[in-house]
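Notes for the one structure printed next.
Protein chains: 4
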Amino acid sequence: MISFESDYNNGCHEAILRRLVETNDDRATGYGLDDYCAAARDKVRQACGKPEADVYFLVGGTQTNATVIDAMLQSYQGVLSVETGHINVHESGAIEFGGHKVLALPSHDGRMDAGELNQWLHDFYADPTFDHMVFPGMVYITFATEMGTIYTRAQLQAISDTCRKYDLPLFIDGARLGYGLMAEGCDITLEQLADMCDVFYLGGTKCGAYCGEAVVFPRNNAPAHFFTIIKQHGALMAKGRLLGIQFDVLMQDDLYFKIARHAVRQAMRLREAFVARGYEMYSDSPTNQQFVLLDQETIKRLAEDFVFEQWFPVGDKMNCRFVTSWATRTEDVDALISAL
Amino acid sequence: MISFESDYNNGCHEAILRRLVETNDDRATGYGLDDYCAAARDKVRQACGKPEADVYFLVGGTQTNATVIDAMLQSYQGVLSVETGHINVHESGAIEFGGHKVLALPSHDGRMDAGELNQWLHDFYADPTFDHMVFPGMVYITFATEMGTIYTRAQLQAISDTCRKYDLPLFIDGARLGYGLMAEGCDITLEQLADMCDVFYLGGTKCGAYCGEAVVFPRNNAPAHFFTIIKQHGALMAKGRLLGIQFDVLMQDDLYFKIARHAVRQAMRLREAFVARGYEMYSDSPTNQQFVLLDQETIKRLAEDFVFEQWFPVGDKMNCRFVTSWATRTEDVDALISAL
Amino acid sequence: MISFESDYNNGCHEAILRRLVETNDDRATGYGLDDYCAAARDKVRQACGKPEADVYFLVGGTQTNATVIDAMLQSYQGVLSVETGHINVHESGAIEFGGHKVLALPSHDGRMDAGELNQWLHDFYADPTFDHMVFPGMVYITFATEMGTIYTRAQLQAISDTCRKYDLPLFIDGARLGYGLMAEGCDITLEQLADMCDVFYLGGTKCGAYCGEAVVFPRNNAPAHFFTIIKQHGALMAKGRLLGIQFDVLMQDDLYFKIARHAVRQAMRLREAFVARGYEMYSDSPTNQQFVLLDQETIKRLAEDFVFEQWFPVGDKMNCRFVTSWATRTEDVDALISAL
Amino acid sequence: MISFESDYNNGCHEAILRRLVETNDDRATGYGLDDYCAAARDKVRQACGKPEADVYFLVGGTQTNATVIDAMLQSYQGVLSVETGHINVHESGAIEFGGHKVLALPSHDGRMDAGELNQWLHDFYADPTFDHMVFPGMVYITFATEMGTIYTRAQLQAISDTCRKYDLPLFIDGARLGYGLMAEGCDITLEQLADMCDVFYLGGTKCGAYCGEAVVFPRNNAPAHFFTIIKQHGALMAKGRLLGIQFDVLMQDDLYFKIARHAVRQAMRLREAFVARGYEMYSDSPTNQQFVLLDQETIKRLAEDFVFEQWFPVGDKMNCRFVTSWATRTEDVDALISAL
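These protein sequences, in sequence, are chains A, B, C and D. Under our numbering, the first residue of the first sequence carries the number 125, and numbering increases by one thereafter. Under our numbering, the first residue of the second sequence carries the number 125, and numbering increases by one thereafter. Under our numbering, the first residue of the third sequence carries the number 125, and numbering increases by one thereafter. Under our numbering, the first residue of the fourth sequence carries the number 125, and numbering increases by one thereafter.
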């Protein structure tokens with residue numbers, strides 16, 4: 125069986141594994157205060173072009189979202205997200221557990237529309253009863269989105285401008301940031317993205333690491349005592365070196381983006397083959413997640429040799445997801461293409 | 125420098141590392157639904173003699189405490205712990221973040237006293253205003269305690285009996301369970317411990333793993349939808365295999381306890397040397413953490429070659445902590461003993 | 125100025141005031157344990173035809189919603205409500221403050237549709253990722269709704285049936301229950317309503333009292349230690365007699381419903397006049413809140429003598445709300461009708 | 125039966141009742157935006173000598189404590205209180221429900237000691253692990269305390285100075301502020317108290333009102349959007365006029381303090397009589413709560429004609445509480461004195 129099930133069903137990149145083996149006998153202080161983390165932080169800062177950035181390493185995505193959002197919101201504020209945003213659907217209410225409402229906007233293939241955001245904010249403050257409501261406290265978007273789509277630079281800039289107009293921090297969930305920035309046609313650099321937002325993370329779990337998300341506050345703007353807030357959320361790893369080592373390797377020689385580029389390239393090959401064979405794509409994704417409508421017969425046939433997820437029915441077909449990753453081999457994609 | 129700083133300043137046990145390397149290219153479903161986790165769960169059940177136990181793998185201790193406690197308490201209940209309990213001191217308020225009060229009892233070198241617990245519960249229900257107060261909802265103890273001490277079987281049984289008398293679940297934080305059960309003079313087996321409580325965990329982070337705590341509900345008594353509660357707490361690892369693989373190795377051929385026994389043996393050598401040299405021990409710990417009162421001159425001298433923590437002043441001396449682990453080598457202890 | 129601004133801009137019904145004066149010098153135990161509360165509870169039970177009902181008096185609506193919902197949900201559950209539901213819009217996130225998500229369904233003039241509820245629940249459990257999501261834990265509806273509409277008996281029964289099919293408690297926010305049950309064309313009795321739900325409240329604040337909401341668990345089904353949960357939410361009135369006395373009066377000789385009937389009658393007169401004069405109604409409300417579209421000129425003219433709220437623009441007109449209450453005099457409505 | 129059970133077992137002061145009757149037919153905007161509240165706010169400001177103070181009216185004490193504390197703490201902070209503080213004992217965990225730990229200091233007859241507070245804060249920041257702990261975020265004291273005691277001006281100033289040294293807001297729970305400031309020997313004025321703290325409240329429920337607590341931020345220092353935070357806590361009264369009217373009356377012509385002075389005077393008569401008869405007082409309270417040790421025979425005898433609370437056993441006696449209030453009549457005290 126060849127798996128296109130997800131981008132987190134393998135171990136870790138071999139360079140990381142090698143480094144884990146090499147460093148295993150070293151002794152290091154806990155809680156992210158070790159030299160590996162320090163080195164990784166520097167490399168993250170350099171990759172973003174933000175020498176003054178605050179960088180923290182957390183373990184997983186939901187945890188990171190909840191911790192960052194709780195840390196940046198006041199108690200009477202909620203977070204704006206599109207309806208399909210991960211925090212609004214697939215985090216078991218972790219944001220509400222922390223006391224905050226997710227204020228949902230329409231999703232456009234996973235993207236937020238700056239115009240709609242602006243209108244929502246205008247309407248909120250125009251409503252005479254607004255102080256009986258949940259205040260908007262920050263804006264959350266994903267890059268790449270849950271639907272595999274990305275924002276153009278102009279779209280992201282428009283969201284960023286709207287946020288600044290209303291003095292709202294912009295938080296970019298980068299669980300798949302590598303695949304997003306390396307997407308076909310992406311016109312945004314990491315540095316530009318860091319300029320446009322107030323906090324984001326470089327996702328490790330789905331981009332080559334065993335676990336780990338690198339949270340970046342680009343302008344030395346981490347909330348006060350963010351370390352303690354991480355601890356309070358159960359998100360402080362005792363052996364923080366595990367995260368530091370992984371990001372130190374990923375940030376070395378552009379590895380993080382190289383492996384993302386590889387995954388995207390394989391996804392594009394797959395998409396071209398689907399389209400060439402006449403399959404209908406559910407969305408036009410330029411990233412490592414491809415969504416295609418398949419009939420039951422095709423699903424059955426492909427499922428004999430390949431693993432993939434069936435998301436939800438669309439008409440009489442099923443929207444199926446095929447995911448590539450840094451670990452997807454060219455021959456895996458060849459095999460799937462042959463089987464179409 | 126030779127480090128006695130903590131039991132989580134190394135990588136992981138070499139057997140785990142080997143297995144991580146061997147399995148790295150396998151594909152596995154996420155979120156703990158993989159075969160490694162299944163195998164590890166079986167081994168945990170077997171080690172506890174509880175074939176029907178529910179077993180979950182979480183990442184770290186604070187996270188595990190908060191998740192288990194939130195899952196088992198009703199909203200109007202708090203958790204009873206000794207004042208020095210980890211949840212009451214060193215978790216940045218993670219329990220309160222979840223909405224629950226820590227109801228503090230006196231600490232006896234880190235231990236709760238069953239008689240005092242019984243009295244507290246009696247007094248609570250005798251107080252005519254008790255329904256204006258926080259109800260006791262569960263009892264939390266650590267084994268080994270933060271002070272390195274353990275409970276005798278009789279002491280633990282008495283606490284267990286009191287809990288059952290008042291229909292309170294008993295939760296044993298086993299972040300250092302290996303060192304506790306392998307302590308000098310410990311008369312409790314893992315199976316007996318599982319019998320006496322309602323939930324406990326086998327700590328991995330401090331006992332050989334890179335990360336991971338194995339939560340055990342011994343009698344198929346996990347709270348409903350505990351999986352979702354884990355997710356809500358940001359404690360669900362996407363690549364759950366990382367936890368499964370580690371515990372699969374640790375639970376193989378009694379490795380978990382073998383390495384704990386080694387650490388305790390080294391700690392006992394250290395304690396004997398301290399005592400023989402006339403140093404005053406702060407507590408009489410039979411586990412891998414040794415607390416000794418040192419004067420500034422001795423501290424200065426030892427600190428040239430050894431790493432250890434200074435906890436707090438006691439009179440004109442300092443209470444210093446020396447910790448051994450599975451990774452402590454005999455020659456490390458030899459060197460320290462020579463330097464005393 | 126004659127006010128149609130709201131149904132909570134007056135003092136209290138004169139019969140209540142009289143009773144407050146008569147009882148002022150009596151001494152009574154606090155916290156709702158007094159004889160006035162006991163008598164009021166009995167009358168509520170009798171009015172509902174539920175001799176075994178648990179009855180609690182809280183102070184206000186948002187407080188009651190938050191307390192009841194928190195008490196009945198497990199930590200991993202959310203509450204289903206229509207988008208326009210009070211808890212989803214105008215309670216400043218009180219439900220999320222308690223850790224729970226409001227799961228929003230479409231609003232049909234303020235009403236939930238049983239078919240859509242059923243479909244939502246079906247889809248939830250059909251989604252293979254449902255245990256990464258917030259579980260539905262109860263259903264919340266308002267009667268009358270925020271739009272002034274009510275449910276027919278058949279509609280409410282269908283919602284009730286769906287809740288029971290999925291084992292979900294049904295909670296009816298009755299902040300305006302009097303006006304709802306006395307609405308033109310309402311075919312539901314209080315007893316039937318109590319049969320169909322698991323908890324509801326008789327709103328006092330908007331129906332004749334100075335403050336107070338009577339929460340009813342019809343079948344002796346209050347959550348364990350609900351008294352303590354009320355206290356924890358800051359919702360336990362020290363001088364609970366203030367609530368008991370008010371409900372004792374309101375429940376005497378059907379006063380609660382008599383005054384609601386009066387308010388509805390006045391509202392119907394108003395609606396007829398609006399329609400007769402050719403004004404377009406925003407919704408077809410059979411209760412004490414009337415929504416009508418007015419142009420700026422008319423608003424300006426009426427605002428010289430009458431107080432009313434401008435809700436939001438609809439096309440080039442404004443949706444305006446006129447509210448009657450037990451305190452609205454026939455001559456007030458006469459005056460407004462003449463001015464139309 | 126003559127009751128000394130509590131200071132909240134009567135109705136309200138007759139002047140309030142009269143005003144409620146007079147104003148009952150007026151129409152007023154909701155949520156505290158009415159003219160009665162505005163007038164009451166002005167009078168509170170004047171009484172405190174703080175023309176720029178922010179004043180809010182809430183319903184009850186626990187609610188007020190939870191709302192103020194949540195509003196002023198960051199998520200990683202807790203509140204310092206003595207062990208016997210109301211928030212630590214008798215609020216069913218309302219503070220923890222909001223996510224915050226109560227950090228308990230020793231109680232000295234209900235009072236906090238400035239020296240111990242200072243030491244605690246010094247030790248906290250001296251502890252190398254402090255960022256794994258709950259940060260102190262504010263100091264909470266009661267005036268008068270739960271034991272009936274008060275602070276001298278020097279004691280309160282010392283606490284205030286310590287708070288400012290550590291940049292911690294000081295919150296004074298004034299549920300019984302009237303009785304405290306009018307206590308025998310009290311050397312603090314309301315204006316001085318307002319100078320020394322950052323927020324306090326004038327308790328109405330126990331000092332003549334049916335309900336209501338007037339929260340004062342003396343230097344225009346209310347947290348941003350405190351109105352919305354009140355709403356989120358379910359603490360915003362729809363008919364806010366009920367609170368405004370009551371405080372408008374209480375603050376008129378010094379009524380609030382006059383009635384407190386009366387209650388204290390009666391309590392002093394009672395205390396003198398107890399002492400003269402040779403009874404042992406549990407504490408030396410100069411306020412309206414008197415604690416005296418009685419044997420079972422005396423309790424039995426007095427309980428035939430008088431209502432009072434038995435708090436807890438002290439040796440073979442019972443600590444009994446006798447409370448006076450504005451409603452206590454001279455002849456009630458005469459009768460009790462005769463019966464001693």
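Just so it is clear, CB atoms sit at the ideal spot from N, CA and C, and this is done for glycine as well. Quick caveat: nothing in here was measured; it's all calculated off a predicted structure.
With C-beta atoms as the reference, is residue i less than 8 Å away from residue j?
i, j, result
"serine 205 (chain C)", "valine 226 (chain C)", "yes"
"aspartate 233 (chain A)", "glycine 368 (chain A)", "no"
"methionine 442 (chain C)", "phenylalanine 381 (chain C)", "no"
"glycine 154 (chain D)", "glycine 364 (chain D)", "yes"
"histidine 256 (chain D)", "serine 216 (chain B)", "yes"
"proline 293 (chain D)", "methionine 196 (chain D)", "yes"
"valine 457 (chain B)", "arginine 393 (chain B)", "yes"
"histidine 210 (chain A)", "aspartate 297 (chain A)", "yes"
"methionine 236 (chain D)", "isoleucine 283 (chain D)", "yes"
"valine 179 (chain A)", "arginine 169 (chain A)", "yes"
"arginine 300 (chain D)", "threonine 208 (chain D)", "no"
"threonine 286 (chain C)", "alanine 238 (chain C)", "yes"
"alanine 387 (chain D)", "serine 462 (chain D)", "no"
"valine 192 (chain A)", "phenylalanine 295 (chain A)", "yes"
"valine 203 (chain B)", "tyrosine 290 (chain B)", "no"
"leucine 366 (chain B)", "tyrosine 334 (chain A)", "yes"
Quick one: what's residue i bridged to in DSSP?
i, result
"isoleucine 369 (chain C)", "Paired residue(s): none; isoleucine 369 (chain C) is not in a bridge."
"serine 205 (chain B)", "B:Ala228"
"alanine 338 (chain A)", "A:Phe181 and A:Leu326"
"leucine 417 (chain C)", "C:Glu404 and C:Asn443"
"phenylalanine 398 (chain C)", "DSSP output for phenylalanine 398 (chain C) lists no bridge partner at all."
"isoleucine 126 (chain C)", "C:Phe430"
"arginine 235 (chain A)", "A:His232"
Note the first and the last residue of the continuous alpha helix (DSSP H) segment covering residue i.
i, result
"glutamine 420 (chain B)", "420-426"
"leucine 241 (chain A)", "238-250"
"lysine 355 (chain A)", "350-356"
Quick one: residues in its chain with C-beta nearer than 8 Å to the C-beta of residue i, no 5 flanking neighbours on either side, listed in chain order?
i, result
"glycine 223 (chain D)", "Asp194 and Ser199"
"phenylalanine 398 (chain A)", "Met405, Gln414, Val416 and Leu464"
Who are the near neighbours of residue i in its chain, counting only those whose CB is closer than 6 Å to its CB and skipping five residues on each side?
i, result
"phenylalanine 259 (chain D)", "Tyr200 and Gln201"
"methionine 125 (chain D)", "Val431"
"methionine 271 (chain D)", "Asp233, Gly234 and Ser407"
"alanine 139 (chain B)", "Val373"
"tryptophan 435 (chain D)", "Asn443 and Arg445"
Report all residues from its chain with a CB closer than 7 Å to the CB of residue i; omit the five preceding and five following residues, and keep chain order.
i, result
"alanine 171 (chain D)", "Leu314 and Met375"
"arginine 143 (chain C)", "Ile369 and Val373"
Just reading off the beta strand (DSSP E) that residue i is part of, what are its end residues?
i, result
"threonine 266 (chain A)", "259-266"
"methionine 271 (chain C)", "No beta strand (DSSP E) holds methionine 271 (chain C); DSSP gives it neither H nor E."
"asparagine 443 (chain D)", "441-447"
"glutamate 433 (chain B)", "433-438"
"phenylalanine 295 (chain A)", "294-297"
Runs of beta strand (DSSP E) lying entirely within the region 136-202 of chain C, each at least 3 residues, in chain order
Complete beta strand (DSSP E) runs here, min 3: 178-182.
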